[in-house]
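Residue numbers (the working numbering), protein chains in the order written: chain L, 45 to 256; chain E, 45 to 256; chain V, 45 to 256; chain F, 45 to 256.
The beta-carbon is built from N, C-alpha and C at its ideal position, and this holds for glycine as well.
Please read the structure below before turning to the comments.
4 protein chains.
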Amino acid sequence: MEAKDGIAKQAGGRGRTFTEEARRAQIVGAAIEVLADAGYAKATFSRIAKQAGLSSTGMISYHFSGKDDLMREVAAEVLRVAEAYMLPRIQAESSYSGRLRAYIESNVALLEVHPKHLPALAEVMTNQRGDTPTVKDFVHVMEATMNEQAERIRLAQRDGAFREFDPMVMTAAIRGAIDFVVTQASRLPGFDATTYGRELADLFDRATRRTP
Amino acid sequence: MEAKDGIAKQAGGRGRTFTEEARRAQIVGAAIEVLADAGYAKATFSRIAKQAGLSSTGMISYHFSGKDDLMREVAAEVLRVAEAYMLPRIQAESSYSGRLRAYIESNVALLEVHPKHLPALAEVMTNQRGDTPTVKDFVHVMEATMNEQAERIRLAQRDGAFREFDPMVMTAAIRGAIDFVVTQASRLPGFDATTYGRELADLFDRATRRTP
Amino acid sequence: MEAKDGIAKQAGGRGRTFTEEARRAQIVGAAIEVLADAGYAKATFSRIAKQAGLSSTGMISYHFSGKDDLMREVAAEVLRVAEAYMLPRIQAESSYSGRLRAYIESNVALLEVHPKHLPALAEVMTNQRGDTPTVKDFVHVMEATMNEQAERIRLAQRDGAFREFDPMVMTAAIRGAIDFVVTQASRLPGFDATTYGRELADLFDRATRRTP
Amino acid sequence: MEAKDGIAKQAGGRGRTFTEEARRAQIVGAAIEVLADAGYAKATFSRIAKQAGLSSTGMISYHFSGKDDLMREVAAEVLRVAEAYMLPRIQAESSYSGRLRAYIESNVALLEVHPKHLPALAEVMTNQRGDTPTVKDFVHVMEATMNEQAERIRLAQRDGAFREFDPMVMTAAIRGAIDFVVTQASRLPGFDATTYGRELADLFDRATRRTP
DNA sequence: GATGAATGAGCATTCATTCAT
DNA sequence: CATGAATGAATGCTCATTCAT
């Protein structure tokens, strides 16, 4: 799950004091926790405030312009963390297939490093319909990201590294396969991120590879 | 009228009049519509009643013992429809790979035949945490289904039809890839179920196939 | 708890068929049961219908003109039963103190013969405020009954059988003492109506008796 | 904001601001008023809010964790007031019979000082079946109080101050006689608490006294 | 900056009652 | 006579948000 620069930048911009930024981060962290543990429906300001150790929900409304502003910040934070973890690992690879593998494995590995982050994002993205203006452009970011990935696949196909197939379908399948394990990992008893990531990467390696 | 102390409404079997069954079907249909269009959070009795052309929400409470009873019925209805459509198509195939392809293609095809059904089910399954007793066993059904599929994959591997890989990871990837298109199909502009299904089936055919 | 003739008569008057009367009796019986077991607040048409083995609440509305009509009938039935049990036992006594004792003892004894009747009546009388027109005159009946008792006490005092005290206070105390055991009997573990009735009669015998 | 997942409101002790305490008292006062005037069934949040001059029922839910929390507070308030009034008057007496008289007279006198309090408590105790957890222990308090009174009676009998009789029956009769006047006082036209209390105390003095 | 208090719309649900069949 | 179906007002309660301090 990669982040577009544009989004990540907006948060943490100028005009906020240090304490304010700290409070916001604290609230966002609590929101991630609650979203992952209890789901979007039960991620009320009440619960989030409680999780954050705050005495009132007014506090949250004071720091965020509304619920979808908070959710937007949650998404931004997760994307920031994901990018910081995944990007170096992907860029360390030089081959197309190596980068695909690194993308999948590092994404799954995130479930172990920050177990609550991706599930929280999944809750937000699933439940926020395009109706709220703030989250609207988030959908665009995700779409743009997927288009980019499809484009990179196209390059790999042109260079003969990948076989011929519909790049968007492949991108969606990868996204879906990862999203599924994101939501299910906590339920799977003996879940091991490293093994799972490797298996999943193998799977898509087979699916994209030219047959010899 | 709740099961607790009201006059019991027996689930399934006889005991329901024709009109009652018709009303229930009408309400379930409206619920599917609303779930698909507006998401679980906004699928309130109010909205569903309005969609169904009913004057009050009391009507729904009259026919269903509660919200999760309704949701349960929604899930049951979708599964019924899905099974009716997919099963014959799967059973028509005799080879392991043929059945896998039929499973994927018929599942995706359902998005064209009943565009609201699978999205509605996805909303219910995503948002109903294991907390509601009625939906709890639905999760078990889904888990059982996935275990079954993994078992069939194992057989295919033993018979040498599929290569060696972790059956559960493959099952999860297939489920995830399909779920993703279920939730995204309505957003994709030129989405064509037949093409998409074939591409996705190709993908997993490659991923499971023994390399020659 | 004695009944004024006027009330008891109204129910069971002409104009009702045999089956209708039977249905009404069945419903009243169920209502008494539910009132005693679950209290007035939970004595809904739903529960009463279920207790009576009826399939719908409409049935009750069909036979009674409303909830307070049903409650009125419940009260009338209890008064009828109480009168039938108590009156002969009271009239068998010739002395003032004997009649007082018979009144108290037979009233308490009713808790053993018909354990649900008096508690049901207590629920109705406690919760029906004077606002409903049908129950309004019931209150008058009770008041009249108490006035009568006070009058009889006055006669006993005039005849020198009882000492001097305020007859209304005594009447109220007797009523209250009995009502209390009516509502509490089911909670008292080793409650024995005969012993309790004798003790209570002793108590009021002492309270009314001339000191030698 | 429920205790379950909301921000906990600690009962009693510190943690409540002055304004909050004032609002709670105001709401409890309004509830007492409505309970006494309209009865438990009609003591809805709506009515109580209206009586308190509040614009919405949400206000009540904000300050109390639920209906039985409010009812519990009502009961606690009444008991507090009753104890403050009655205890000094009882303790001022040194003889057994003096204390019994003081108990009865001060209890009845409360109907004049706070005419709505005891009726409100009666409504709560009558209509709250043991089912609500919060009020459950209130019943225990009442039972314990009655057991205490019975014990004191036993002491008086051992010391030869009272004649022999069943202490629990006497306790129940006293309780019932007082409860009755609590519920009926408002209906009695020329009710005078002082006279009534004295008469009732006389009655039970006779009932308990050793015959010379 | 921060907070407790208040608000009011919205939620699922229950209820007595009505009515066509 | 009986009933299943429908109705809509009312209930307790939760929620995000606002605002004076």
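Identity of the residue in the options nearest residue i by Cα
i: residue 71 of chain L; options: L:115, L:83, L:85; result: L:115
i: residue 118 of chain E; options: E:248, E:240, E:179, E:229; result: E:179
i: residue 202 of chain L; options: L:68, L:247, L:252; result: L:252
i: residue 163 of chain V; options: V:230, V:64, V:193; result: V:230
i: residue 158 of chain F; options: F:237, F:65, F:255, F:173; result: F:237
i: residue 66 of chain V; options: V:254, V:108, V:144, V:247; result: V:108
i: residue 128 of chain L; options: L:195, L:64, L:147, L:102; result: L:147
i: residue 64 of chain E; options: E:80, E:103, E:138, E:82; result: E:103
i: residue 219 of chain L; options: L:209, L:194, L:255; result: L:194
i: residue 183 of chain L; options: E:130, E:228, E:62; result: E:228
With 16 other Cβ atoms within 10 Å as the buried cut-off, status of residue i
i: residue 124 of chain E; result: exposed
i: residue 204 of chain E; result: exposed
i: residue 121 of chain L; result: buried
i: residue 135 of chain F; result: exposed
i: residue 152 of chain V; result: buried
i: residue 217 of chain F; result: buried
i: residue 106 of chain V; result: exposed
i: residue 98 of chain L; result: buried
i: residue 188 of chain E; result: exposed
i: residue 62 of chain L; result: exposed
Close beta carbons around residue i, own chain, < 7 Å, minus the five adjacent residues each side
i: residue 242 of chain L; result: 149
i: residue 197 of chain F; result: 206, 211, 214, 215
Inter-residue spacing [alpha-carbon to alpha-carbon] between residue i and residue j
i: residue 160 of chain L; j: residue 166 of chain V; result: 57 Å
i: residue 235 of chain V; j: residue 224 of chain F; result: 22 Å
i: residue 46 of chain F; j: residue 170 of chain V; result: Low confidence applies to residue 46 of chain F: its pLDDT is 35, below 50, so where it sits in the model is not reliable, and the reading given next is rough at best. Rounded to whole angstroms, residue 46 of chain F to residue 170 of chain V spans 31 Å at the Cα level.
i: residue 186 of chain L; j: residue 84 of chain F; result: 56 Å
i: residue 233 of chain E; j: residue 175 of chain F; result: 57 Å
i: residue 226 of chain F; j: residue 245 of chain F; result: 15 Å
i: residue 88 of chain V; j: residue 172 of chain V; result: 14 Å
i: residue 143 of chain F; j: residue 156 of chain F; result: 20 Å
i: residue 154 of chain E; j: residue 126 of chain E; result: 7 Å
i: residue 239 of chain V; j: residue 168 of chain F; result: 30 Å
i: residue 248 of chain L; j: residue 190 of chain L; result: 16 Å
i: residue 69 of chain F; j: residue 250 of chain V; result: 45 Å
i: residue 255 of chain F; j: residue 255 of chain V; result: 8 Å
i: residue 60 of chain E; j: residue 138 of chain E; result: 40 Å
i: residue 110 of chain E; j: residue 100 of chain E; result: 15 Å
i: residue 145 of chain V; j: residue 130 of chain V; result: 11 Å
i: residue 90 of chain E; j: residue 133 of chain F; result: 59 Å
i: residue 313 of chain E; j: residue 82 of chain L; result: No answer is possible for residue 313 of chain E: it lies beyond the span of chain E, which begins at 45 and ends at 256.
i: residue 209 of chain E; j: residue 86 of chain L; result: 38 Å
i: residue 192 of chain F; j: residue 192 of chain V; result: 36 Å
Residue i - containing alpha helix (DSSP H), residue span
i: residue 234 of chain E; result: Taken as a continuous stretch (DSSP letters only), residue 234 of chain E belongs to no alpha helix (DSSP H), as it is neither H nor E.
i: residue 201 of chain E; result: 177-202
i: residue 80 of chain F; result: 62-82
i: residue 172 of chain E; result: No alpha helix (DSSP H) contains residue 172 of chain E, which DSSP labels as neither H nor E.
i: residue 132 of chain L; result: 111-135
i: residue 91 of chain L; result: 89-96
i: residue 143 of chain L; result: 140-157
i: residue 105 of chain E; result: 102-107
Cβ neighbours of residue i in the same chain (closer than 6 Å, five flanking residues each side left out)
i: residue 77 of chain L; result: 95, 160
i: residue 54 of chain L; result: Any reading at residue 54 of chain L needs caution, since the residue's pLDDT is 43, under 50, leaving its predicted position unreliable; the model's value is listed next. For residue 54 of chain L, where only same-chain residues beyond five positions count, there are no Cβ hits under 6 Å.
i: residue 92 of chain L; result: 74, 75, 78
i: residue 334 of chain F; result: Coverage of chain F is limited to positions 45 through 256, which leaves residue 334 of chain F absent and any answer about it impossible.
i: residue 258 of chain E; result: The requested residue 258 of chain E does not occur in the structure, where chain E is confined to residues 45 to 256.
i: residue 80 of chain E; result: 160, 163, 164
Contact set for residue i: own chain, Cβ-Cβ below 8 Å, skip 5 residues either direction
i: residue 113 of chain E; result: 178
i: residue 49 of chain L; result: Because residue 49 of chain L carries a pLDDT of 40, less than 50, the predicted location of this residue cannot be relied on, and no value is offered for it.
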